[in-house]
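In this text, residue positions in the sequence shown follow the numbering used here: the first is 6, and each later residue adds one.
C-beta: ideal position from N, C-alpha, C; glycine also.
Values in this document were obtained by computation on a predicted structure and should not be read as measured data.
First up is the structure itself, then whatever we jot down about it.
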Amino acid sequence: MSDSQVTIKLTSDEALVLSHWLEKLQMTDLSRVVDDPAVWAPIHRIAGTLDKSLPELFASDYDERLEAARQRLRPED
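Dropping the structure here:
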């Protein structure tokens, strides 16, 4: 087993949008989406790391911040 780690860098917008999506994913019937139980460990680790790193999750204007981040990340047509 390797002890090496991988570092992933995200912008604040990317982290916020990904955190929201992972939360929704974890609240669904994941067996339809994730067919390998080994995938759960990294999903939970990423979600937990994002939760600890994003004070925006607890902001009173969270919904507005999330939507603004989504708009900035969407490709322009």
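Assumed close pair residue i, residue j - CB separation to whole angstroms, cut-off 8 Å
i: A74; j: D18; result: 4 Å
i: R70; j: E61; result: 5 Å
Where residue i falls: helix, strand or coil (DSSP)
i: P80; result: coil
i: A73; result: helix
i: L59; result: coil
i: D68; result: helix
Buried or exposed (CB count within 10 angstroms, at least 16 for buried), residue i
i: L55; result: buried
i: A43; result: exposed
i: L78; result: exposed
i: A20; result: buried
i: V22; result: buried
i: L65; result: Sequence inspection shows Ser at residue 65; the Leu mentioned does not correspond to that position. So S65 counts as exposed.
Problem - Uninterrupted beta strand (DSSP E) stretches inside the stretch 13-56 (no shorter than 3 residues) - result: none
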